[in-house]
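Numbering (my numbering), first residue to last: 520 to 1597.
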C-alpha cells in the first residue's frame, strides 16, 4: 500500500491537460493551444483516451533512458505522465497476460516521426521482455533489421531527412512467457521511381550515398565506383550532403547490422554489386541512328559503362546491348522484333534500374525474414507494428501519392471503426448504456478508389488492358465520364459544370477530396506507372547473368518458363496487399500512435499552429475526442479511484475494509455529486463531464493541504514532547554524574592522604635500613683494601727483579699488535670499489706501515683485476687480447689508433658464407677466415687504387677480385717479413715479402683500408702463432717498398685534398711515391 501511495498520476503536476478527453471547452483552438503548451515544456506526448499523440521535437530529449523504461514497466496506462512507453507496456502486458494479439498503428505525415516511434516501441519491448543468450540474439536481430531496411528504403525528402519510402509492417512473435521468438516483415509499395529521378531538394535512397562515402578505396575499386557523387546521373547533387548525417558512419552501421541479422559476406558483397550496377545504369546514354529502312534506332554513346556493368553482373555485353536497342513481342507462335528509339531506350534503362532495385529490396526483406522467423512451431502470440507512409500532399502529386493516400484512407477507416468498436465494447462489457455517435465515415472515398466496377483503380486497370492507343488523357476522359457526379471527385473536364471555370484545377489533373483535405493529382504517368512494364528482352538478359543474386531476381526471364499472360498491374497488387493488411489488423487489438509534425523547417522549438491544425483535422483527432465525450469522458478502475480520493470521505479514510466499488459509492454519495454525472460499471467508475473530475481534483488538492497541515501539527507536537522528555532524561543523568563526581573526588583526597602517611613511614624505615647496610659495606671494603695492599706489597717484593727485565718489551709488542689490528679493521671499511680503473686508495695512517700499505694496494688491485677478468667469456678474452696487442703496437705511435679503440674488431666484414656471389671463393678456401675485408690495392706504376678482397687465414694472405671473387694472389704467412705504415691519420700500409719467394716476384703490396689497426693487429698475431716469430711493424713517414727490381720510397706529406678528407697517392718519379694526408 505504501508503494501505491507514492506513485504519481496522470493528473499530478499537469502541464496543460495530459488527456485531451479532459479538455474543456473542446474546440480546435483549445486543442492546439494545449498541444503547444505541452510542446513548449518538452511534453511531446498527449493522450486521447488510449490513443497517443506524438509531436516530433526534431531533437533528442532525455526521456528514453533505461531508468524511464523501468518507470513505465508494469504500470497502469494512466498512472504516469503520457509517454509512448506507457502504450508499449500496455500492449505488451495485454499480449503476455491476456493472450491477446496486438497491433500498434503509427500514422501521420511524412516527417512526423513515425519511423522513430516504431523504433522506440521495439526498443521498449526488447528491454522489458525476458533475458538469455537465445532471447537476446532474437531481440538483437529484430532491432538490427531496422538500419538495413532504412538504408535501402529511406531517403531525404523536403519534409524529412529520413523519410520511409515504403510501408513496413512487422509481426513480432512471442512465446507463452512473453519472450520474443522471431518476426515477419511485410513491405508495401517501395517508391522505386526515386531510383531514377528525385524532386528538387531531395535525395535518392540512403544506401547510394552511404556506399560512396563509407566504402574503402579497395571496395570502391572492386565495385568500379568513384567517391564523387557528381559522376552519377541518378544522384541529385543539390542535396547530396545532409546536415547532421554521417553517411560513412551509417554505412559501417549497416554492414554491421547485416552481419548481425545473418547475411553472409558473399551475400553482402552481392547486394553491393547490384547497388553499384544500378548506379552505373544511370550513366548509360544513347544517341539516335537511322537505319536503311528509314526506322530510327538508338545506340549507346560510351560502351565503357556498359562493359563495367557487365563485368559486375557477369552478363554478356552483346546480350545486354541488344536488349537496350531492340524489343521482342511474342503473340501466340509469332515473335516480332522492333528497334527502340532514344526515348524508348532511356525508358528501358530506367525501367531496368527501377525493377532491379525494387526486386533487390524485396529480396532483402525475404532474406531478413529467413533470419528472424521463429524456429519453433508452437502456438505464438503476435504483436504487429505498422510504420507506413503518411498522408502526402505535394506541389506535384502523381501515381505514388495517389496510392499512398489510398492506403491512409483505409487506415483512417479502420481507425474510426476500431475506435468506435472498442468504445462500444467497453460500454457493453461494463454494462453501461450505449449512445450512438455520429462521425464522418470515409468509406465513400475508399469506394471511389477501390470499387471493383467503377473505382479509379479498376478504371485504370481497364484502360491499361484495353487494345488500341492508351494514354493518360484517355484515362482522364474515362474518369470524367464515370466519376463526374461523385461528390468527392473534381475535374475541369467532367460533366459537372461547377468546375468548368475553376482556374485552380488544370485540364490534365483531377482532384479528390480526401478525409485529410483536397489533393490535386497530375494524371501524367499514371498509365505507365500502373503498367510497370519491363521489356522481356531485359528480363531474359538479367536471367542470363552469371551473378547468382541477379539471376534469382528475374525468374520470368527463363525461356523455359515463358508466360505470355500479362502480369498484374501495380495498382491491383497494392490494392490486394492493403486488403490483406486490413484483414490482418482487424484480427488484433489495436493501439494507436498519431504523429504530428510541428513545422516544415525540421527545426526544434517551432510550433506552426496552422500546419498542426491541418494535421489535427485530417487525422480526425477532434472527432476521436468527441467519440469519448459522447459517452463518458473519463473512466477508472475502482481500486485506483478509491486509492486516489479516499481522503475526501471520513468513512473511507484512511482505510476502507469492504469492496472497492462500495467504497467509491460511499465516497461519491458523501461528496453529493449528481447521479447524471457518473455511472458505475462492472469494474470501473465512468465520469461523464471533465468538469466533475477537475472538481474532484480541486477538493483532493485542498484536502491534501489540510492533511499536510494536520501532519505538520502532529509532527511538531511529537517533536516538542520528545524534546522535553529528552531534556528531562538528560537532567537526571547529569545530576547523577555530578553526585558521582563529588563522591569520587572526596574518596580520592582521603586515599591520597593515607598514601602520603604510608609513604613517609616506609621511607623512614627504608633509610634506617640503608644506613645500616652502608656501614656494613664500608667495613667490608676497608678490610678487603687492607688485605689487597698487603698482598701487593708481598708480590712486588717477590717479583720486582723479573718485571724490571721484561715489562718494556711486552708492552711494545702489545701496543704494536693493537695498532696493526686497528689498521686492518679500518682498511676493511675503507676499501675502494672493485672497478679496475678506480684509482682511489685510503691514506696511510702510520709512517712505519708505508711499505705494508703499498704492498696491500698492489695485492688488492691484482685481486680485483683477476675478479674482473674471470667474468669474461672466451670470445671477450680474445677481443681484449687483440685490443691489448693493438695498444702495445700502436699507442702513441700511430695517429689513427685512438679512433680505433672504441670500434669492435669484427674481422669478417664480408659475409662470404652467406653471399651467393662469393660461393666460388668460399669453395676455394678450406681454412678458417680471420679477416675478410675490401681494401684498395695501390697500383705500383701510377699510384691509382683498385678494390680487392683482402682475406687472412691461419696460413695464408689472399687477394681476390671484388666483382668475380677470383683469387688474384696467395701469399703464405712465412713469406711476410714486415708491415710498414705512417704515423699519421691514414689507412695506408705496405706488406713486405721475403726476397726470392714466389710471392715476391712482383714486389711488395701497398694497400689502403678503413680498418688498418685491426688488420695489422690480426696479421701480427696470426703470424706469431704460426711461425713463432714476431712480425716487424715499422711506423715511419718514409719507408721503402720493393716494386719488382726497384726500390721505391713512399713518403707521407700534409696537404689540402681535392676529395675532402680522403688521402691521395701520386707517383712522382721512378723512386718516389707521395701520399698526401689531410
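For every residue, glycine included, the Cβ atom is placed at its ideal position computed from N, Cα and C.
Taking a cut-off of 8 Å for Cβ pairs, the stretch 1581-1591 and the stretch 1560-1570 touch, as three or more such pairs fall below it. Secondary structure at residue 578: coil, using DSSP grouped into helix, strand and coil. Under the rule that a run must span 3 or more residues, the beta strand (DSSP E) segments found entirely inside the stretch 1091-1118 read 1108-1115. Taking all protein chains in view, the Cβ of residue 904 is crowded by 16 or more other Cβ atoms within 10 Å, so the residue is classified as buried. Residue 624 holds the alpha-carbon nearest to the alpha-carbon of residue 902 among 624, 1061 and 1046. Rounded to the nearest whole angstrom, the CA to CA distance from residue 599 to residue 606 is 11 Å. Segment contact: the stretch 789-800 against the stretch 1029-1041, fewer than three CB-CB distances shorter than 8 Å; contact not assigned. Membership of residue 1526 in the beta strand (DSSP E) is indicated by the continuous run 1524-1527.
Counting only the Cα atoms, residue 1065 lies some 59 Å from residue 1429. Considered as a whole, the stretch 1383-1462 harbours 1393-1409, 1416-1420 and 1438-1443 as its complete alpha helix (DSSP H) runs of no fewer than 4 residues, in chain order. Judged by DSSP in its simplified three-state form, residue 1242 adopts helix.
The alpha-carbon separation between residue 643 and residue 873 amounts to approximately 36 Å.
Residue pairing by DSSP puts residue 846 in a beta bridge opposite 857. If you ignore the 5 residues before and after residue 667, its C-beta comes within less than 7 Å of the C-beta of 773, 776, 777, 780, 883 and 887, all in its own chain and listed in chain order. Excluding its 5 nearest sequence neighbours in each direction, residue 931 has C-beta neighbours in its own chain below 6 Å: 961 and 1034, listed in chain order. Within the model, the alpha-carbon separation for residue 935 versus residue 1167 is close to 38 Å.
Taking 8 Å as the cut-off, the Cβ atoms of residue 1466 and residue 1458 do not count as close. Within 10 angstroms of the beta-carbon of residue 689 lie 16 or more other beta-carbons, which makes it buried.
Burial state of residue 1476 is buried, judged by a 10 Å Cβ sphere holding 16 or more other Cβ atoms. Secondary structure of residue 1047 (DSSP, three-state): helix. Annotation for residue 1364: 1342 and 1345 place their beta carbon closer than 8 Å to its own, counting only its chain and skipping 5 residues before and after. Nearest to residue 1215 by C-alpha distance, out of 1161, 696, 1137 and 1233, is 1161.
In the three-state DSSP reduction, residue 901 falls in the strand class (E or B). In summary, residue 1236 is exposed, with fewer than 16 beta-carbon neighbours lying within 10 Å of its beta-carbon over all protein chains present.
Residue burial is scored here from C-beta neighbours: residue 710 has at least 16 other C-beta atoms within 10 angstroms and is therefore classed as buried. If you check the CB distance, residue 859 and residue 827 do not come in under 8 Å. The Cβ atoms of residue 1090 and residue 1212 do not sit closer than 8 Å to each other. In the same chain as residue 825, and ignoring 5 residues on each side of it, the C-beta atoms closer than 7 Å to its own belong to 803, 819, 836, 839 and 840, in chain order. Apart from the 5 residues on each side of it in sequence, residue 1026 sits with its Cβ closer than 7 Å to the Cβ of 1011 and 1012 in its chain, given in chain order.
Counting C-beta pairs with one atom in each stretch, the stretch 1446-1454 and the stretch 1529-1549 have three or more that are closer than 8 Å, which means they touch. Between the beta-carbon of residue 1540 and that of residue 1446 there is about 16 Å, and that puts the pair past the 8 Å contact cut. For the pair residue 829 and residue 1053, the Cα-to-Cα distance works out to about 19 Å. Here the alpha carbons of residue 1487 and residue 1471 stand approximately 14 Å from one another. Counting of Cβ neighbours within 10 angstroms places residue 622 among the buried residues, the total reaching 16 or more.
Exclusion of the five residues before and after residue 1552 leaves 1408 and 1498 as the residues of its chain whose Cβ lies within less than 6 Å of its Cβ.
Between residue 1046 and residue 1001, the C-beta gap is not smaller than 8 Å, which leaves the two residues out of contact.
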